[in-house]
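Before any comments, here is the structure.
Chains as they are written, first to last, in the UniProt record's numbering: chain X, 1 to 311; chain V, 1 to 290.
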């Protein structure tokens, strides 16, 4: 390609001198054209169509029936929707806190440059490269009531009384899922915080030490404020991942038991593509829920941007 | 005053005796315990996969005897190689498409001037935080009407389309670090715009491309929602939906399940250990989208 076009353009160059800027403009548009076309087809149009579909009733065949805001008013009276919304928010808030605080503390720890810290970092990061599906299946095995490793470990420590089917109990299912999420993301956020710590001027700590500041004071008065930007990035990422969480919960529990771990993503997916046997797909209703997820993500982003700008 | 007295001994012991400090020993113990807990599920998985099928319910962490039977059965009964190749093919074509188009577009946004550049860029970027569940229904319908539903080509197109904005964002950032003088010099020499991009700028952006390749590879290899929804024929499935479907189908045969998981984890961990630096760069940058 390049070999063919380059000489041709070179020959054209001298006579076309009158408009090099125009030619550059054309090149600019040509270069972004594929992205724009792909984007329009696979992001832009689907998004607009989602918006329209959320205002219809439709099972996927025939014509969608326009019903205005009926789906949204129906949502208000749908107890499963409220449960899924609550679970989504609980999951998001918990993972935001845990998946920010734990990696930050661990990063401060590892940043001291102890021997072998690279080995620890490498090992801790491994779960982050494993897909959420594999993670989900693996932990489903771990949590299994009969021979899952978790119950095995509890029995080995004489705590066999605590052993039970973690994912089938509505009380333990959400904490169990949160634990898996923490396991999966710890290494990733650790690495992000380590990168942030490397950007802090070490003379700040020296000065603080000379002034007699202890480890805790240094942490709260230097590390935390200096990491503010990184922390807000990690918080945003955690919030997004929490609000749109799907894979892990879909794989591990499918939203069960009895909607006990249902989040908005799994609920809308089940409505659209049928988790219950013989259920008619409710595409309009499902897209209405997806619009709620979208709005939550947008509101979350705006709030976060506001907060981090003020800081 | 008190600060002085407490500081003096600390500075005095500095380097040689550091290892003996109790805080340090406790710290190491904590780190080792935490890392062990993190690695334990993976270790346990490997041990489970090596059990003979009748030893699954056997007590004890270590299998009575080591058997590769589960791997053999996963390989043959599940057509593991076929699904692995599906994953590989889909991922490689997606990476190729994304890198080529994102590099071209990223360069254009970084180095060329044209009207409405910034608004177009902003529109492309606004959707970075878009949840996949928000567009999966219309994507399903769109592929169905294009008769691309249930084809690997359709899935690849969706992957490229949804990944391009972020990859383009990364590529723009890399191209912006390259000097403009090279472009101006090439233009004076009468070099065409595409030739400048292809022959001069693209080779210089190699580190950026490597990061995008690794990130995109990971992301596509691990993607589940679209693969599960847009491909219905089981034989065309890449690994992620296959592993998901195994849970129901083979939940009685845990060794086969464990063996398939191990075979899925090992390649990506090997790649990660070998290319750690780029992996971490890709993921820390890539995390913005994921």
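Virtual Cβ for every residue (Gly too), placed ideally from N, Cα, C. Predicted model, so just to flag it, every value in this text is computed and none were measured.
The alpha helix (DSSP H) spanning residue i covers which residue range?
i: residue 259 of chain X; result: No alpha helix (DSSP H) holds residue 259 of chain X; DSSP gives it neither H nor E.
i: residue 153 of chain V; result: 152-176
i: residue 123 of chain V; result: 117-126
i: residue 90 of chain V; result: 80-111
i: residue 187 of chain V; result: 181-188
i: residue 219 of chain X; result: Segment: none, residue 219 of chain X is in no alpha helix (DSSP H) and carries neither H nor E.
i: residue 82 of chain X; result: 79-110
i: residue 137 of chain V; result: 136-145
i: residue 249 of chain X; result: 247-252
i: residue 75 of chain X; result: 70-76
i: residue 73 of chain V; result: 69-77
i: residue 267 of chain X; result: 264-273
Residue i CB to nearest chain X CB: under 8 Å?
i: residue 265 of chain V; result: yes
i: residue 99 of chain V; result: no
i: residue 201 of chain V; result: no
i: residue 205 of chain V; result: no
i: residue 160 of chain V; result: yes
i: residue 222 of chain V; result: yes
i: residue 168 of chain V; result: yes
i: residue 154 of chain V; result: no
i: residue 258 of chain V; result: yes
i: residue 276 of chain V; result: yes
i: residue 75 of chain V; result: no
i: residue 107 of chain V; result: yes
i: residue 81 of chain V; result: no
i: residue 272 of chain V; result: yes
i: residue 138 of chain V; result: yes
i: residue 269 of chain V; result: yes
i: residue 14 of chain V; result: For residue 14 of chain V, the predicted model reports a pLDDT of 44, less than 50, meaning its position is unreliable; a value from the coordinates is still stated below. Chain X, which has no Cβ nearer than 8 Å to the Cβ of residue 14 of chain V, makes this no.
i: residue 71 of chain V; result: no
i: residue 184 of chain V; result: no
i: residue 35 of chain V; result: yes
i: residue 3 of chain V; result: Low confidence applies to residue 3 of chain V: its pLDDT is 41, below 50, so where it sits in the model is not reliable enough to give any reading.
i: residue 249 of chain V; result: no
i: residue 243 of chain V; result: yes
Below 8 Å between beta carbons: does that hold for residue i and residue j?
i: residue 161 of chain V; j: residue 38 of chain X; result: yes
i: residue 104 of chain V; j: residue 91 of chain X; result: no
i: residue 102 of chain V; j: residue 167 of chain V; result: yes
i: residue 226 of chain X; j: residue 304 of chain X; result: no
i: residue 293 of chain X; j: residue 133 of chain V; result: yes
i: residue 234 of chain V; j: residue 227 of chain V; result: no
i: residue 138 of chain X; j: residue 246 of chain V; result: no
i: residue 71 of chain X; j: residue 272 of chain X; result: no
i: residue 133 of chain X; j: residue 244 of chain V; result: yes
i: residue 73 of chain V; j: residue 63 of chain V; result: no
i: residue 74 of chain X; j: residue 285 of chain X; result: yes
i: residue 131 of chain V; j: residue 297 of chain X; result: yes
i: residue 59 of chain X; j: residue 137 of chain V; result: no
i: residue 180 of chain X; j: residue 124 of chain X; result: no
i: residue 83 of chain V; j: residue 242 of chain V; result: yes
i: residue 140 of chain X; j: residue 167 of chain X; result: yes
i: residue 24 of chain X; j: residue 193 of chain V; result: yes
i: residue 46 of chain X; j: residue 56 of chain X; result: no
How would you list, in chain order, the residues of chain V whose beta-carbon sits under 9 Å from the beta-carbon of residue i?
i: residue 265 of chain X; result: 131, 132, 133, 225
i: residue 75 of chain X; result: By Cβ distance, chain V contributes nothing, its closest Cβ being about 15 Å from residue 75 of chain X, past 9 Å.
Mind pulling the chain V residues with CB within less than 8 Å of residue i?
i: residue 100 of chain X; result: The premise fails here: residue 100 of chain X is roughly 13 Å from chain V at the closest Cβ pair, so nothing lies under 8 Å.
Report the neighbours of residue i on chain V: residues whose CB is nearer than 7 Å to its CB, in chain order.
i: residue 240 of chain X; result: 129
i: residue 283 of chain X; result: 137
For a contact meaning CB atoms closer than 7 Å, what does residue i contact in chain X?
i: residue 165 of chain V; result: 39
i: residue 261 of chain V; result: 134, 137, 138
i: residue 216 of chain V; result: What residue 216 of chain V touches in chain X: nothing, since even the nearest Cβ is about 14 Å away.
Are any of the Cβ atoms in chain V nearer than 8 Å to that of residue i?
i: residue 13 of chain X; result: Residue placement at residue 13 of chain X cannot be trusted, given a pLDDT of 47 that sits under 50; what the coordinates show is reported in the next sentence. It does; some Cβ of chain V falls within 8 Å.
i: residue 301 of chain X; result: yes
i: residue 184 of chain X; result: no
i: residue 251 of chain X; result: yes
i: residue 168 of chain X; result: no
i: residue 165 of chain X; result: no
Name, please, each residue of chain X whose Cβ falls closer than 9 Å to the Cβ of residue i.
i: residue 114 of chain V; result: 24, 25, 26, 27, 28, 29, 32
i: residue 38 of chain V; result: 123, 124, 126, 127, 183, 186, 187
i: residue 142 of chain V; result: 41, 42, 45, 46, 49
Run down chain X in chain order and give the residues with a C-beta less than 8 Å from the C-beta of residue i.
i: residue 120 of chain V; result: 32, 36
i: residue 232 of chain V; result: What residue 232 of chain V touches in chain X: nothing, since even the nearest Cβ is about 10 Å away.
Since residue i meets chain C, which of its residues come closer than 9 Å, beta carbon to beta carbon?
i: residue 27 of chain V; result: No chain C appears in this structure, whose protein chains are X and V.
Subject >> Secondary structure, beta strand (DSSP E): runs of 3+ residues fully inside the region 117-195 of chain X >> reply: none
**OP:** Ignoring anything shorter than 3 residues or poking outside the region 214-271 of chain V, list the beta strand (DSSP E) runs there in chain order.
**Re:** none
Original post:
What are the start and end residues of each continuous alpha helix (DSSP H) run of 4 or more residues lying completely inside the region 20-49 of chain V, in chain order?
Top reply: 22-49
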